[in-house]
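Undergrad: What follows is a structure written as structure tokens; I'll ask about it next.
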Amino acid sequence: MTGFRIFYKPEGGTQQQIDVGNVNMTTLTNLKKYTSYNISVAVRNTMYVGPACSVTIIRTLEDAPDIGPQYTTATKINDTTFLVTWQPLTTAQSNGVVTKTQLDTEPGRPTDVQAESQTKTSIRVRWEKPLPLSLVVYEYTIEVKGSKPYWSNYSFSSTHKQNGTRTNMVIDSLVPGTSYEFWVTASTACGKSEKSVSSKKDTNIDNPVKPTGNSITLKNKFDVPLWSVDPVNGPVSSYQVIVIKGNKNVSDLPTNISDYKDAQELYVTAELKPNEIKSPFPVGDNKIYGQYKNVPLDKGKTYTIAERAITTENQGKIYAGQAVVVATIKVTQEQKGGISPVGPAVGAVVIVLLILVMVVLILLIKRRRQKRYSKKDSTVPLDDIEDQESGNVNEGQENELVQKDMAIPPTAGASVYSQDDVYDEVIDIAKPIPIRQFSEYVKSTKATEYARLKEEYKNLPNTHSFPKTVAKKPVNKKKNRYGNAIPFDHSRVIIEQTDGDEDSDYINASYVTVSFSYDPALCQP
Numbered sequence: 001m002t003g004f005r006i007f008y009k010p011e012g013g014t015q016q017q018i019d020v021g022n023v024n025m026t027t028l029t030n031l032k033k034y035t036s037y038n039i040s041v042a043v044r045n046t047m048y049v050g051p052a053c054s055v056t057i058i059r060t061l062e063d064a065p066d067i068g069p070q071y072t073t074a075t076k077i078n079d080t081t082f083l084v085t086w087q088p089l090t091t092a093q094s095n096g097v098v099t100k101t102q103l104d105t106e107p108g109r110p111t112d113v114q115a116e117s118q119t120k121t122s123i124r125v126r127w128e129k130p131l132p133l134s135l136v137v138y139e140y141t142i143e144v145k146g147s148k149p150y151w152s153n154y155s156f157s158s159t160h161k162q163n164g165t166r167t168n169m170v171i172d173s174l175v176p177g178t179s180y181e182f183w184v185t186a187s188t189a190c191g192k193s194e195k196s197v198s199s200k201k202d203t204n205i206d207n208p209v210k211p212t213g214n215s216i217t218l219k220n221k222f223d224v225p226l227w228s229v230d231p232v233n234g235p236v237s238s239y240q241v242i243v244i245k246g247n248k249n250v251s252d253l254p255t256n257i258s259d260y261k262d263a264q265e266l267y268v269t270a271e272l273k274p275n276e277i278k279s280p281f282p283v284g285d286n287k288i289y290g291q292y293k294n295v296p297l298d299k300g301k302t303y304t305i306a307e308r309a310i311t312t313e314n315q316g317k318i319y320a321g322q323a324v325v326v327a328t329i330k331v332t333q334e335q336k337g338g339i340s341p342v343g344p345a346v347g348a349v350v351i352v353l354l355i356l357v358m359v360v361l362i363l364l365i366k367r368r369r370q371k372r373y374s375k376k377d378s379t380v381p382l383d384d385i386e387d388q389e390s391g392n393v394n395e396g397q398e399n400e401l402v403q404k405d406m407a408i409p410p411t412a413g414a415s416v417y418s419q420d421d422v423y424d425e426v427i428d429i430a431k432p433i434p435i436r437q438f439s440e441y442v443k444s445t446k447a448t449e450y451a452r453l454k455e456e457y458k459n460l461p462n463t464h465s466f467p468k469t470v471a472k473k474p475v476n477k478k479k480n481r482y483g484n485a486i487p488f489d490h491s492r493v494i495i496e497q498t499d500g501d502e503d504s505d506y507i508n509a510s511y512v513t514v515s516f517s518y519d520p521a522l523c524q525p
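This is the structure in structure tokens:
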């Protein structure tokens, strides 16, 4: 005998066999679950197998079904009743005796959702687990949506997960001054529930955000930039323009700041509604903005100009945002040597008088000429006058004005003017008129309303007015012996300064350009 042969056959199946050695036991594997087997054993040697012993029937143990019910359908009977049908499992599928069929459904939605304020940026959400509940909830999902009624461009949404054993959660990283709405869903092995009834909660308003922009530096200029902000932490009620004497830090300004009357070192000079923000804004235009007067800035001072946003609640509570410097303005003193307003007024009067004098002179000259040429009969016939072709009524001579170069030192602090002669020269020289042609010349000029004579008259020498700024300085007035005879800036005599005093180089004296003509023969010895 060399061993044994074991025969086994499942119920309704085909017989199988396995050879083992000279042992008294073995284990059959890969059998079907919850199945009856006919088992017999025979002795074998190297040549033959003996007859099998009597058959033994044995059943394998039960196990969990391999699959669930098949072809499941659900028919609604009414709002609370459904008819559910399915196909039973075979023994081979069930791996045992089916004692019951369990129906599981998706969980109901969580109930009694409540949102509670924690801080300006966090809210706690609470809820009750769904009922009825056939399976364990392994996870809750909280959905959040945020909006701002006063800011249509703002929207927010997020989702948060919480362990199924807990029924509350703190939602943080929220934004002040925002309306939030919360929903909760439950998840089980059968799926996810519908969203719960929502709960709403608003976060409290906080200080407005800080304006942003590039600050500028000005000198004797007052137009400053202003910047608006988004209403992130609550509705912006207004913007304040703040004036601070000196070059100051604005990171920690008080919430309540007075106007110029009560606090001249630090005051609100203007308060603007959001729709009134304009850039640039004129600081010190003496107008009323809100309840504040925009008073002019003092001379000889440096000012820091700041801006901040303001939120005012319905109860009157004020939230002041962080201020930002928009500009630094330096206002200088008026210069002591500035031109007096009296000078231009006097100059205007002098010009008017000169015009009147010139008009009178022109009228007198015209009247004299009219009388001279109005006589038709001459007591002396022109024929009696010696007729000489070379004889002229007026031997026109060219008035040759010679200007010698003269270096005139420029006046300190005064503008540099042209060093041309004070008097213009007569450019157009009148030509000689022969005596024989004089009568015709008079008639021809009379026929043209003396246009030629008028043109020659306009070319007569005339004077020009130049600035006398240095002579009119208050410190130099006492040096002027005569108030109406003072030197021009460009032709005054400049003396050496005393002890570095810039006003000590003045004296009531002028350089005079001399023009003359001469006969070289007279200058010979």
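Residue numbers for the sequence shown follow full-length UniProt numbering, beginning at 1 and rising by one. Note that the Cβ used here is the ideal one computed from N, Cα and C, for glycine as well. These numbers come from a predicted model, not from an experiment.
(1) Residue 444 by DSSP, collapsed to three states: which one?
(2) Return the chain-ordered ranges of every beta strand (DSSP E) run that is complete within the UniProt domain "Fibronectin type-III" (1-63) and spans a minimum of 3 residues.
(3) Just mark residue 138 as buried or exposed, buried being the case when its beta carbon has 16 or more other beta carbons within 10 Å.
(4) So what's residue 512 in DSSP terms, helix, strand or just coil?
(5) Does the Cβ of residue 231 have 16 or more other Cβ atoms within 10 Å, making it buried, or fewer, making it exposed?
(6) Quick one: what's residue 139 bridged to in DSSP?
(7) Per DSSP, residue 316 forms a beta bridge with which residues?
(8) From residue 255 to residue 221, what does the alpha carbon distance come to, in whole angstroms?
(9) Counting beta carbon pairs with one atom in the region 198-211 and one in the region 170-185, are three or more of them shorter than 8 Å?
(10) Quick one: measure Cβ to Cβ for residue 331 and residue 285, integer angstroms, because I've assumed they're closer than 8 Å.
(11) Can you give the beta carbon distance from residue 107 to residue 188, rounded, assuming they're within the 8 Å contact cut?
(12) Based on DSSP bridge pairs, tell me the residues matched to residue 83.
(13) For residue 149, name the three-state secondary structure that DSSP assigns.
(14) What is the DSSP secondary structure of residue 438, counted as helix, strand or coil?
(15) Taking the alpha-carbon positions, what's the residue 102 to residue 38 distance?
(16) Please classify residue 359 as buried or exposed, where buried requires at least 16 neighbouring CB atoms within 10 angstroms.
(17) Quick one: residues in its chain with C-beta nearer than 8 Å to the C-beta of residue 325, no 5 flanking neighbours on either side, listed in chain order?
(18) Alpha carbon to alpha carbon, how far is residue 367 from residue 484? Give it in angstroms, no decimals.
(19) Ignore the nearest five residues each way along the sequence and tell me which others in residue 156's own chain have a CB closer than 6 Å to its CB.
(20) Apart from the five residues just before and just after residue 75, which ones in its own chain have a Cβ nearer than 7 Å to its Cβ?
(21) Can you tell me whether residue 492 is buried or exposed, with buried defined as 16 or more other CB within 10 angstroms of its CB?
(22) Can you check DSSP and say which residues form a bridge with residue 253?
(23) Where does residue 260 fall in DSSP's three states?
(24) Can you tell me where the beta strand (DSSP E) with residue 122 in it begins and where it stops?
(25) Where DSSP assigns a beta bridge to residue 272, which residues make up the other side?
(26) I'd like to know whether the C-beta atoms of residue 171 and residue 125 end up nearer to each other than 8 Å.
(27) Report the CB separation of residue 488 from residue 468 in whole angstroms; it is logged as a contact under 8 Å.
(28) Can you tell me which of the three DSSP states residue 89 falls into?
(29) Helix, strand or coil, according to DSSP, for residue 492 in the structure here?
(30) Counting pairs of Cβ atoms below 8 Å between the region 49-56 and the region 21-32, do you hit three or more?
(31) Specify the secondary structure class of residue 157 as computed by DSSP and reduced to three states.
(32) By the DSSP assignment, the beta strand (DSSP E) with residue 218 in it spans what residues?
(33) Measuring straight from C-alpha to C-alpha, what distance separates residue 143 and residue 158?
(34) Under DSSP, the alpha helix (DSSP H) around residue 475 begins and ends at which residues?
(35) Only counting the same chain, and skipping five residues up and downstream in sequence, which positions put a Cβ closer than 6 Å to that of residue 154?
(36) How would you call residue 240, buried or exposed, if buried means at least 16 neighbouring beta carbons within 10 angstroms?
TA: For this structure:
(1) Three-state result, residue 444: helix.
(2) Whole beta strand (DSSP E) segments, 3+ residues: 3-10, 16-20, 36-44 and 56-59.
(3) Looking at its Cβ environment, which holds fewer than 16 other Cβ atoms inside 10 Å, residue 138 is exposed.
(4) Reduced to three states, the DSSP call for residue 512 is coil.
(5) With 16 or more Cβ atoms within 10 Å of its Cβ, residue 231 is classed as buried.
(6) The partner list for residue 139 (beta bridge, DSSP) reads 163 and 187.
(7) Bridge partners of residue 316: none, in fact.
(8) Using only the alpha carbons, I get a separation of about 28 Å.
(9) The region 170-185 vs the region 198-211: in contact.
(10) The distance from the Cβ of residue 331 to that of residue 285 is about 14 Å, inconsistent with a contact at the 8 Å cut-off.
(11) In this structure residue 107 touches residue 188 by the C-beta definition: roughly 5 Å separates them, less than 8 Å.
(12) Paired residues: 75.
(13) In the structure shown, residue 149 adopts coil according to DSSP, grouped into three states.
(14) Note: residue 438 maps to helix in three-state DSSP.
(15) Rounded to the nearest angstrom, the gap between the Cα atoms of residue 102 and residue 38 is 34 Å.
(16) Exposed.
(17) Beyond the five residues adjoining it in sequence on each side, residue 325 comes within less than 8 Å, by CB distance, of 215, 250, 304, 305 and 306 in the same chain, given in chain order.
(18) Cα to Cα, the separation comes out at about 33 Å.
(19) A distance below 6 Å between beta-carbons, with the five flanking residues on each side excluded, links residue 156 to the following residues of its chain, in chain order: 146.
(20) Annotation for residue 75: 82 and 83 place their beta carbon closer than 7 Å to its own, counting only its chain and skipping 5 residues before and after.
(21) A residue is called buried once 16 or more other Cβ atoms fall within 10 Å of its Cβ, and residue 492 is buried on that count.
(22) Bridge partners of residue 253: none, in fact.
(23) It is coil, neither helix nor strand.
(24) Residue 122 -> beta strand (DSSP E) spans 122-128.
(25) For residue 272, which the question treats as bridged, DSSP gives the partners 239.
(26) Yes; because the gap between Cβ atoms is below 8 Å, this pair is in contact.
(27) For residue 488 against residue 468, the beta-carbon gap comes to about 6 Å, under 8 Å, which counts as contact.
(28) Here residue 89 carries a coil assignment [DSSP, helix/strand/coil].
(29) Residue state, collapsed to three classes: strand.
(30) Judged by Cβ distances under 8 Å, the region 49-56 makes no contact with the region 21-32, as fewer than three pairs qualify.
(31) Residue state for residue 157 is assigned as strand, using DSSP reduced to three classes.
(32) From DSSP, the beta strand (DSSP E) with residue 218 extends over 216-219.
(33) Each residue's Cα considered, the two are about 6 Å apart.
(34) 474-477 is the extent of the alpha helix (DSSP H) around residue 475.
(35) Its chain contains 148 as the residues whose beta carbon lies nearer than 6 Å to that of residue 154, once the 5 sequence neighbours on both sides are disregarded; these appear in chain order.
(36) Buried: at least 16 other Cβ atoms inside 10 Å.
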